[in-house]
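First residue of the sequence shown? That's 3 in the numbering used here, and the numbers climb one at a time after it.
Quick notes on the structure that follows.
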Amino acid sequence: MTDYYEILGVPRDASPEQIKKAYRKLARELHPDVAGPGSEDRFKDVSRAYEVLSTPAKREQYDLGVDPTAPGGGAGQGAGGFGFQDIFETFFGGGQQRQGPVPRARRGQDALIRVDIELVDAVFGVRKEFPVETAIVCDVCQGSCCAPGTSPQTCDMCHGRGTVQRVARSFLGQVMTTAPCPHCQGFGTVLPQPCAQCAGEGRVRSKRQITVDIPAGVDTGTRVKLTAQGEVGPAGGPAGDLYLEIHERKHDVFERRGDDLRCSMELPMTAAALGAVVNLETFDGDREIDVQPGTQPGQTITLKNLGVGHLNGTGRGDLEVRIEVSVATDLTDEQAELLKRLAELRGEEKPEPRLHNPHPGVFSRLREKLSGR
3 MTDYYEILGV
13 PRDASPEQIK
23 KAYRKLAREL
33 HPDVAGPGSE
43 DRFKDVSRAY
53 EVLSTPAKRE
63 QYDLGVDPTA
73 PGGGAGQGAG
83 GFGFQDIFET
93 FFGGGQQRQG
103 PVPRARRGQD
113 ALIRVDIELV
123 DAVFGVRKEF
133 PVETAIVCDV
143 CQGSCCAPGT
153 SPQTCDMCHG
163 RGTVQRVARS
173 FLGQVMTTAP
183 CPHCQGFGTV
193 LPQPCAQCAG
203 EGRVRSKRQI
213 TVDIPAGVDT
223 GTRVKLTAQG
233 EVGPAGGPAG
243 DLYLEIHERK
253 HDVFERRGDD
263 LRCSMELPMT
273 AAALGAVVNL
283 ETFDGDREID
293 VQPGTQPGQT
303 ITLKNLGVGH
313 LNGTGRGDLE
323 VRIEVSVATD
333 LTDEQAELLK
343 RLAELRGEEK
353 PEPRLHNPHP
363 GVFSRLREKL
373 SGR
């Protein structure tokens, strides 16, 4: 039996990547367009070795001492070859469910990549361009899987049907089973000379730039679907979808809660007591905030429609500004005298603190509302 491992120059425990790498190297060296006349037979041997060792089922047969490329190779189960698995498949629907050859071209897998965005991108939406590495159609064979100038040939074992039938004797009598052809793996055709560029897959990996419009309102964990932008399938099959998983970076000032934004603004106690008009820089530019006299620490001022845009909708959330009051320290003598005078005028020289439960219960809050407090 031909030693396919020796032909490719790889050990018997070689990985699929080692086998593919060895084949590509030899295929380039021995291709008739490069090596010239006289290399055809050697090129065919290398292609046949790769066809067997790159296909798990064929490699398993070969390692067991059966050459799947030989006439009748792998078609039987040995002398009388009919086992329990054949019986099970025959009576419970195994290999007889499929009729006809399997298409070599299949849909590609979906791909998922992470995209980092800023909070402002989520507020208004953004158009981003970034690189993506996926499988694309091989530019040498254009998805045919064959070397230029060649084409798939009808399988000699199954004659293009993609399946083989066997008749064997068992304790149940003569039974016929149908199974995928072990020579062509059910495709109905074989590749006499696989494309050296893509190793007979009809696709190669490549980087490309894509541009996508990310809508307003996305958040960490949101997935944006790009139809048919994923992996091209084997033999140039239809591409899968590409999903962008959004990751929103934290902002230094604004905190997001759903589609609302929150921030804190610190004011001196005089501004909180007397009232003031202050500017706040938002994503929409500077906005004036009218702080009413007597504003208390923790009080919230709401700016409508300055939050995050609603995903798949219209309008925006709100911006909530929490007021923090800073108490003056390091007072001068004059400032201290003025505050003492203010305390006298308000009768607060000896203040009497009012105690509150920091976490009042539901009934306490309801009682306060009913009493108007």
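Don't be surprised by glycine CBs; every beta carbon is placed ideally from N, CA and C.
{"Item": "DSSP-derived helix/strand/coil call for R129", "Value": "strand"}
{"Item": "Exposure label - R225; buried when at least 16 CB within 10 Å", "Value": "exposed"}
{"Item": "Between the CA atoms of K60 and G67 - distance to the nearest angstrom", "Value": "11 Å"}
{"Item": "Boundaries of the alpha helix (DSSP H) in which T272 is found, first to last residue", "Value": "271-276"}
{"Item": "Rounded straight-line distance, which links the Cα of L269 to that of A338", "Value": "19 Å"}
{"Item": "G238 (DSSP reduced to helix, strand or coil)", "Value": "helix"}
{"Item": "Spatially closest choice to Q167 from T152, P154, C183, by CA coordinates", "Value": "C183"}
{"Item": "Beta-carbon proximity check, C147 vs C186, cutoff 9 Å", "Value": "no"}
{"Item": "Cβ separation of V128 and I119, assumed to be a contact under 8 Å, to the nearest whole Å", "Value": "7 Å"}
{"Item": "Alpha carbon of P295 to alpha carbon of I303, nearest angstrom", "Value": "13 Å"}
{"Item": "Contacts around V206, its chain only, beta-carbon distance under 6 Å, and the 5 residues preceding and following it disregarded", "Value": "C140, C200"}
{"Item": "Any 3 or more C-beta pairs closer than 8 Å across the stretch 260-269 and the stretch 308-320", "Value": "yes"}
{"Item": "Run of the beta strand (DSSP E) containing V226, from where it starts to where it stops", "Value": "225-228"}
{"Item": "E53 versus F45 - alpha carbon distance", "Value": "12 Å"}
{"Item": "Whole-number beta carbon distance between G239 and G102, since they are thought to touch under 8 Å", "Value": "Not really, about 17 Å apart at Cβ, beyond 8 Å."}
{"Item": "Contacting residues, own chain, Cβ-Cβ under 6 Å from A241 (five flanking each side not counted)", "Value": "G110, A230, G232, V234"}
{"Item": "Residue environment, V279, which counts as buried when at least 16 other CB atoms sit within 10 Å", "Value": "exposed"}
{"Item": "For M267: DSSP bridge partner residues", "Value": "I325"}
{"Item": "Beta-carbon gap between D69 and T156 smaller than 9 Å", "Value": "no"}
{"Item": "Nearest residue (CA-CA) to C197, options D15, R30, S328, R324", "Value": "R30"}
{"Item": "Which of helix, strand or coil DSSP assigns to P58", "Value": "helix"}
{"Item": "First and last residue of the uninterrupted beta strand (DSSP E) at K352", "Value": "Neither: K352 is in no beta strand (DSSP E) and is coded neither H nor E."}
{"Item": "Cα-Cα separation between G188 and M159, rounded to whole angstroms", "Value": "11 Å"}
{"Item": "Rounded separation between R348 and A275 - CA only", "Value": "13 Å"}
{"Item": "N-terminal and C-terminal residue of the alpha helix (DSSP H) that R30 is part of", "Value": "18-32"}
{"Item": "Residue span of the alpha helix (DSSP H) that contains L341, given as start and end", "Value": "335-347"}
{"Item": "Rounded Cβ spacing between A237 and G145 (contact assumed at less than 8 Å)", "Value": "6 Å"}
{"Item": "Buried or exposed by the 16-neighbour rule on C-beta atoms within 10 Å, applied to D15", "Value": "exposed"}
{"Item": "Span of the beta strand (DSSP E) around E8", "Value": "Element bounds for E8: not the beta strand (DSSP E) but the alpha helix (DSSP H), 6-10."}
{"Item": "6 Å CB neighbourhood of R264 in its chain, flanking five on each side removed", "Value": "E257, E322"}
{"Item": "Residues sharing a beta bridge with T136, DSSP", "Value": "S208"}
{"Item": "Buried versus exposed call for Q298 [16 or more other C-beta atoms within 10 Å across all chains shown]", "Value": "exposed"}
{"Item": "Boundaries (first-last residue) of the beta strand (DSSP E) holding V117", "Value": "113-119"}
{"Item": "Buried versus exposed call for R376 [16 or more other C-beta atoms within 10 Å across all chains shown]", "Value": "This structure cannot speak to residue 376, because the chain is shown only from 3 to 375."}
{"Item": "Status (buried if at least 16 other CB within 10 Å, exposed otherwise) for F90", "Value": "At F90 the pLDDT is 46, less than 50, meaning the model places this residue with poor confidence; the figure from the coordinates comes in the next sentence. Flag for F90 reads exposed."}
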